[in-house]
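Residue numbers (my numbering): 317 to 379.
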């Protein structure tokens with residue numbers, strides 16, 4: 317199954333502030349670990365979190 321098929325079959329879920337905080341904490345721990353794979357994943361997660369923040373702020377401005 318490709319990504320588009322998956323997305324078409326599943327409703328997007330909103331993350332709560334608490335869930336985002338937990339993801340941020342885990343991302344920070346991954347960065348601190350020194351494990352190369354974990355650091356690369358954490359960098360991707362950080363970019364994703366920044367994108368979520370940007371979308372959230374844009375949504376708040378429109379209200």
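Where a beta carbon is used, it is the ideal one built from N, C-alpha and C, also for glycine.
query	result
Own chain partners of residue 347 with C-beta closer than 7 angstroms, once the 5 adjacent residues on each side are dropped	355, 358
Cβ-based burial, residue 343 [other Cβ within 10 Å; buried from 16]	buried
Candidates 322, 339, 349: closest to residue 361 by CA position	339
Pairwise C-alpha distance: residue 350 and residue 372	31 angstroms
Same chain, Cβ closer than 8 angstroms to residue 319, five either side skipped, listed in chain order	none
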